[in-house]
Amino acid sequence: MTTTTYPVIPGAGTFYYEGNQTGILLCHGFNGTPQSVRDVGIDLMEKGFTVYAPRLTGHGTDPEDFRCSTNKCWYESMEAGIRFLRERCRHVIVVGQSMGGTLALKAALAGLADAVITINAALSVPGYACHAAEDVCRFIDEDEPDIKANDVYEIVYDKVPTSAIRELLALIEEVRPRASDVDVPTCVIHSAVDHVVPPEDSMWLYDTIQAPKQRIVLEQSYHVATLDHDRGRLADAIGTFCEQVTPVEQM
19 MTTTTYPVIP GAGTFYYEGN QTGILLCHGF NGTPQSVRDV GIDLMEKGFT
69 VYAPRLTGHG TDPEDFRCST NKCWYESMEA GIRFLRERCR HVIVVGQSMG
119 GTLALKAALA GLADAVITIN AALSVPGYAC HAAEDVCRFI DEDEPDIKAN
169 DVYEIVYDKV PTSAIRELLA LIEEVRPRAS DVDVPTCVIH SAVDHVVPPE
219 DSMWLYDTIQ APKQRIVLEQ SYHVATLDHD RGRLADAIGT FCEQVTPVEQ
269 M
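Using my numbering, you'd call the opening residue of the sequence shown number 19 and step up by one each time.
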């Protein structure tokens, strides 16, 4: 059986910035790529942090590659990134946007993260719910990325396979019931208006988690907050939280 290797879309690849002993793993969302978190990554690098953003399997290449991927593959991509940072840093904090937030919670539940930050975590995706019971794979058109700012480009596929959607929904079903078991410091960040995942889900997450926690609301951004108006505030909030939950010795 021949395995097809698809080239990575220019600009969609993994990135790494070396800094201090606090490593921040930035995880993009479903149908996204590291490009969506790069600007925030640069801001965090300029604050002195070590930053790594893995490209999740099946993302940033070809929709057919996405069709062949699973949520297990996506999680393994994150795990590999965490191991990469563990080899270089004393502390590892996992930051995830949308599905990346769901994966970040899973990593926390597995004891892999010293702290977690979720950004509009995918704990339900109403627009995808109708595909949960389908037993065939087909490609559906994707809406434009949910970004309030004008003239912002995100690298995404214009069509996504329903098999990948079902993998996302299965991941949510796995992680959401266990949210109360997260036992590391957690910062729940969400947009006031989000047309992809309900902001109420992040409010529920904040109320459910029993560990030390914070909640931050972004008033000027939609779902893809890392590319939206609040990007600078978001990077500042991530940096402040990381400093609060790690010891002073940074170098």
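In this text, a Cβ means the ideal position worked out from N, Cα and C, and glycines have one as well.
According to DSSP, residues forming a beta bridge with residue i
i: residue 33; result: 71
i: residue 40; result: 109
i: residue 208; result: 235
i: residue 159; result: 177
i: residue 45; result: 114
Residue i - containing beta strand (DSSP E), residue span
i: residue 114; result: 109-115
i: residue 134; result: 133-137
8 Å CB neighbourhood of residue i in its chain, flanking five on each side removed
i: residue 26; result: 73, 78 and 79
i: residue 24; result: 79, 80, 82 and 83
i: residue 155; result: 85, 179, 180 and 181
i: residue 250; result: 61
i: residue 91; result: 74, 75 and 76
Residue i versus residue j - alpha carbon distance
i: residue 86; j: residue 76; result: 7 Å
i: residue 133; j: residue 232; result: 12 Å
i: residue 265; j: residue 105; result: 18 Å
i: residue 54; j: residue 153; result: 31 Å
i: residue 51; j: residue 101; result: 20 Å
i: residue 63; j: residue 69; result: 6 Å
i: residue 210; j: residue 239; result: 8 Å
i: residue 245; j: residue 172; result: 8 Å
i: residue 260; j: residue 162; result: 32 Å
i: residue 35; j: residue 65; result: 11 Å
i: residue 215; j: residue 190; result: 12 Å
i: residue 107; j: residue 28; result: 28 Å
i: residue 179; j: residue 164; result: 19 Å
i: residue 32; j: residue 151; result: 33 Å
i: residue 255; j: residue 57; result: 14 Å
i: residue 174; j: residue 49; result: 6 Å
i: residue 38; j: residue 103; result: 11 Å
i: residue 114; j: residue 243; result: 11 Å
i: residue 97; j: residue 257; result: 22 Å
i: residue 217; j: residue 143; result: 11 Å
Boundaries (first-last residue) of the alpha helix (DSSP H) holding residue i
i: residue 254; result: 249-263
i: residue 102; result: 89-104
i: residue 287; result: Nothing about residue 287 can be reported from this structure: the residues present for the chain run from 19 to 269 only.
i: residue 220; result: 217-226
i: residue 141; result: Note, residue 141: premise wrong, no alpha helix (DSSP H); not H, not E.
i: residue 60; result: 56-64
i: residue 203; result: Here residue 203 belongs to no alpha helix (DSSP H), and DSSP marks it neither H nor E.
i: residue 85; result: 81-85
Contacting residues, own chain, Cβ-Cβ under 6 Å from residue i (five flanking each side not counted)
i: residue 206; result: 136, 220, 223, 224 and 233
i: residue 263; result: 133 and 203
i: residue 149; result: 180 and 183
i: residue 194; result: 141
i: residue 187; result: 150
Of the listed residues the options, nearest to residue i (C-alpha basis)
i: residue 141; options: 116, 128 and 130; result: 116
i: residue 184; options: 108, 34 and 145; result: 145
i: residue 14; options: 190, 241 and 199; result: Outside the displayed span of the chain (19 to 269) sits residue 14, for which this structure offers no information.
i: residue 270; options: 31, 159 and 167; result: Given a span of 19 to 269 for the chain in the structure shown, any question on residue 270 remains unanswerable.
i: residue 127; options: 197, 258 and 119; result: 197
i: residue 93; options: 123, 110, 217 and 149; result: 123
i: residue 139; options: 253, 218, 194 and 120; result: 120
i: residue 46; options: 88, 95 and 199; result: 95
i: residue 252; options: 217, 227 and 208; result: 208
Distance cut-off 7 Å: residue i Cβ against heavy atoms of the ligand FAD
i: residue 221; result: With respect to small molecules bound, the structure shown includes none, and the ligand FAD cannot be examined in it.
Cβ neighbours of residue i in the same chain (closer than 7 Å, five flanking residues each side left out)
i: residue 99; result: 43, 70 and 72
i: residue 201; result: 229
i: residue 177; result: 81, 157, 158, 159 and 160
i: residue 110; result: 41, 43, 100, 103, 104, 131 and 132
i: residue 247; result: 166, 167, 238 and 239
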